[in-house]
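In my numbering, the protein residues as written are 216 to 295. Even for Gly, the Cβ is constructed at its ideal location relative to N, Cα and C. Written below as structure tokens is the structure these notes are about.
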Amino acid sequence: MNLIKISETVSPAHGIGNNWGETITKVYKCPCGENTITTEIETTTGHKNVCTSIDCLVCAKKYRIANKNSRNWSIEPINK
Ligand SMILES: [Zn+2]
Numbered sequence: 216m217n218l219i220k221i222s223e224t225v226s227p228a229h230g231i232g233n234n235w236g237e238t239i240t241k242v243y244k245c246p247c248g249e250n251t252i253t254t255e256i257e258t259t260t261g262h263k264n265v266c267t268s269i270d271c272l273v274c275a276k277k278y279r280i281a282n283k284n285s286r287n288w289s290i291e292p293i294n295k
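Next up, the structure:
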């Protein structure tokens with residue numbers, strides 16, 4: 216499922232010593248269109264992390280994030 220990206224913001228670089236990085240926040244419209252899905256990508260060495268969450272109560276009941284800790288995450292329907 217392709218989601219519509221609403222915004223992408225990059226934080227000022229932060230870190231300690233040589234371990235500098237930034238936090239990239241990408242916000243997408245959720246499938247119902249009323250709320251959003253947010254991906255946060257932390258690029259700091261040693262703290263690399265990706266987390267995607269559904270910020271919509273309606274869609275959270277219908278969909279889940281596959282590979283939520285990967286840049287290759289995707290949204291998929293929950294099979295009942
Ligand atoms: Zn929704």
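Asked: Opening and closing residue of the alpha helix (DSSP H) in which C266 lies; Found: Where C266 is concerned, there is no enclosing alpha helix (DSSP H), although the beta strand (DSSP E) it sits in stretches over N264 to D270.
Asked: Within 6 Å of ligand 1: residues by beta-carbon to any heavy atom; Found: C245, P246, C247, E249, N250, C271, V273 and C274
Asked: Alpha-carbon to alpha-carbon, K263 and I293; Found: 28 Å
Asked: Three-way DSSP call (helix, strand, coil) for A275 in this model; Found: helix
Asked: Pairwise C-alpha distance: I231 and K283; Found: 27 Å
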